[in-house]
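Mapped onto UniProt numbering, the consecutive letters of the sequence shown carry residue numbers 1 to 311.
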Amino acid sequence: MKEASIAKHKYAPKLYKKMGREKHDRIFAVLLLLPALIIVGFTTFFPIAKSVIMSFFNYKLKANADYYWNDFLNYKELFQEGEIFSAIGTTFKFMTVTVILIFIIGLILSNILNKDVKGRAVLRSVVLLPWIIPTIVTGLLWMWIFQPQYGVLNYILMKLNIIADPINWVASMKFALYSVVTASVWRQIPFITIMLLAGMQGIPNDLYEAATIDGANSRQCFFKVTLPMLSNVIKSTLLISIITNFKQFPLFWIMTGGGPVNKTTTLAIMTYKNSFVNLNFGKGAAVSTIWLVILIVFSIVYNKVFKTARD
1 MKEASIAKHK YAPKLYKKMG REKHDRIFAV LLLLPALIIV GFTTFFPIAK SVIMSFFNYK
61 LKANADYYWN DFLNYKELFQ EGEIFSAIGT TFKFMTVTVI LIFIIGLILS NILNKDVKGR
121 AVLRSVVLLP WIIPTIVTGL LWMWIFQPQY GVLNYILMKL NIIADPINWV ASMKFALYSV
181 VTASVWRQIP FITIMLLAGM QGIPNDLYEA ATIDGANSRQ CFFKVTLPML SNVIKSTLLI
241 SIITNFKQFP LFWIMTGGGP VNKTTTLAIM TYKNSFVNLN FGKGAAVSTI WLVILIVFSI
301 VYNKVFKTAR D
């Protein structure tokens, strides 16, 4: 007992010194992160909080317009007018179709680029081109392609006798939304392709060799080895794509402006129109708060679904 007590007192200073050093390291790490946290707070959390608070007030940039608490009037008007429901439906429809298409096409392209095919280096460079082009240029490019009189798409379809008369794609009630979907898919394919390709190249070849020895063919290797190993990459990539398309604004504003007859009015377009066209910042903030809540709830459900599927 005496020897144990002596040993305890002998090593106690070293233990306290180690604990003190660990505490010092944690404080130092917090101090290093503090400037970045302050910047993120002022550039992200502060504007979000201000927008949420603004949504409960009458805030109009018009003559003799007072700033005051309006008893949820902004939200009441949104739900009474009913346009918010149409905007939510259009947003989800656009997001769902776009994300499904870019994921399927990106998965096919990444699988091809992961193989030892001729000209793979050139293909990897070419596939990045749509992502490099600015969104505004992408919108203008696809507007020219969809142009009813001189557009390339109508010209090809008429030459092939698929259509008899030119179609005004971006002004059509039937095709306007899918015109924007096409432009969005074309621009986002490179991102998801590169992300999935990076994930595929991180999969050890030993797994494929073991699966082949067990009698698995290429299709079985893809579904039993590649996809399970890509689960984390797929989860993060899809979430980024969902959020990106949920708040898509530039392509809609450039190509359709929310028309025809609000057929392509999404939550982002509705926020912009209320805030900067109608100069009703309170109502615009209410719309943005609604889709912020939708995104937060969706992200929580999404993570739980992926966690359950993985378990």
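Built from N, CA and C at the ideal position, the CB exists for glycine as well.
query: Counting pairs of Cβ atoms below 8 Å between the segment 221-235 and the segment 267-284, do you hit three or more?
result: no
- request: Check each candidate in F252, C221 and A36 and name the one with the smallest Cα separation from T90.
  value: Reading the sequence shown from its first residue, position 90 is the one you call residue 90. Nearest C-alpha to T90: F252.
message: Just to confirm the assignment: which complete alpha helix (DSSP H) runs, minimum length 4, are found wholly within the segment 242-282?
response: 250-255 and 267-272
field: W142 - containing alpha helix (DSSP H), residue span
entry: Position 142 of the sequence shown, counted from the start, is the residue given in the question as residue 142. First-last of the alpha helix (DSSP H) with W142: T135 to I145.
- request: Work out the CA separation of K307 and M173 for me, nearest whole Å.
  value: Numbered from 1 along the sequence shown, position 173 holds the residue referred to as residue 173. Numbered from 1 along the sequence shown, position 307 holds the residue referred to as residue 307. Each residue's alpha carbon lies about 39 Å from the other.
- prompt: Pick from D206, V127 and Y75: whose alpha carbon is nearest that of Q188?
  reply: Within the sequence shown, residue 188 is the residue found at index 188, counting from 1. When each option's Cα is compared against that of Q188, the closest is V127.
task: Return helix, strand or coil for K62, following the three-state DSSP convention.
output: Along the sequence shown, one-based indexing puts residue 62 at 62. Three-state DSSP puts K62 in coil, outside helix and strand.
- prompt: According to the Cβ coordinates, are S110 and M255 closer than 8 Å?
  reply: Counting from 1 along the sequence shown, the entry for residue 110 is found at position 110. Counting from 1 along the sequence shown, the entry for residue 255 is found at position 255. For S110 and M255, no; Cβs fall outside 8 Å.
Nearest neighbour of I100, chosen from G284, T265, A268 and I234 [CA to CA]: For the purposes of this step, residue 100 is identified with residue 100 of the sequence shown, where counting begins at 1. With distances taken between Cα atoms, I100 lies closest to I234.
For P250 and I84, believed in contact at Cβ under 8 Å, the rounded distance: The residue you call residue 84 lines up with position 84 of the sequence shown. The residue you call residue 250 lines up with position 250 of the sequence shown. About 22 Å separates the two Cβ atoms, so there is no contact after all.
task: Just tell me which of N280, T264 and T237 has its CA closest to the CA of L61.
output: The count along the sequence shown starts at 1 and reaches residue 61 at position 61. It is N280 whose Cα lies nearest to the Cα of L61.
field: Three CB pairs or more closer than 8 Å across the segment 170-185 and the segment 101-108
entry: yes
- prompt: Using the beta-carbon count (16 or more within 10 Å), is F94 buried or exposed?
  reply: By one-based count along the sequence shown, residue 94 stands at place 94. By the 10 Å Cβ count, F94 comes out buried.
- prompt: Cα separation between F191 and K118?
  reply: Locating residue 191 in the sequence shown gives position 191, counting from the first residue. Locating residue 118 in the sequence shown gives position 118, counting from the first residue. Approximately 22 Å between the Cα atoms of the pair.
message: Suppose the cutoff is 7 Å on Cβ atoms and the five residues either side in sequence are ignored; what does the same chain contact list for F57 look like?
response: Within the sequence shown, numbered from 1, the residue matching residue 57 stands at position 57. Only Y67, Y68, W69, N70 and G282 meet the Cβ criterion.
- request: Can you check DSSP and say which residues form a bridge with W69?
  value: Locating residue 69 in the sequence shown gives position 69, counting from the first residue. DSSP output for W69 lists F57 as bridge partner(s).
query: Alpha carbon to alpha carbon, how far is I203 from L123?
result: The sequence position of residue 203 within the sequence shown is 203, counting from 1. The sequence position of residue 123 within the sequence shown is 123, counting from 1. Roughly 21 Å separates the two Cα atoms.
task: Using the Cα positions of G284 and C221, report the straight-line distance between them to the nearest angstrom.
output: In the sequence shown, the residue the question calls residue 284 occupies position 284. In the sequence shown, the residue the question calls residue 221 occupies position 221. The alpha-carbon atoms of G284 and C221 are separated by roughly 50 Å.
message: Buried or exposed for F246, going by 16 or more other Cβ atoms inside 10 Å?
response: Position 246 of the sequence shown holds residue 246. Buried.
- prompt: So what's Q80 in DSSP terms, helix, strand or just coil?
  reply: Residue numbering aside, residue 80 sits at position 80 when the sequence shown is read from its first letter. Three-state DSSP puts Q80 in a helix.
query: Between V30 and the rest of its own chain, which residues show a CB-CB distance below 8 Å, the 5 nearest in sequence each way excluded?
result: In the sequence shown, the residue the question calls residue 30 occupies position 30. None.
task: Could you tell me the boundaries of the alpha helix (DSSP H) in which M173 lies?
output: In the sequence shown, counting from the first residue as 1, residue 173 sits at position 173. Run containing M173: none; DSSP gives neither H nor E here.
field: Exposed unless 16 or more other CB atoms sit within 10 angstroms - verdict on I38
entry: Locating residue 38 in the sequence shown gives position 38, where the first residue counts as 1. Counting Cβ neighbours within 10 Å, I38 comes out exposed, since fewer than 16 surround it.
Beta-carbon proximity list for L78, same chain, < 8 Å, skipping 5 on both sides: In the sequence shown, residue 78 corresponds to position 78, counting from 1. Only I84, K283, A286, V287 and I290 meet the Cβ criterion.
query: Considering only residues of the same chain and omitting the five flanking positions on each side of W142, which have a CB-CB separation below 6 Å?
result: Position 142 of the sequence shown holds residue 142. Closer than 6 Å at Cβ, skipping near neighbours: A183.
- prompt: With respect to the alpha helix (DSSP H) encompassing N205, which residues constitute its N-terminal and C-terminal limits?
  reply: Locating residue 205 in the sequence shown gives position 205, where the first residue counts as 1. Unbroken alpha helix (DSSP H) run through N205: N205 to I213.
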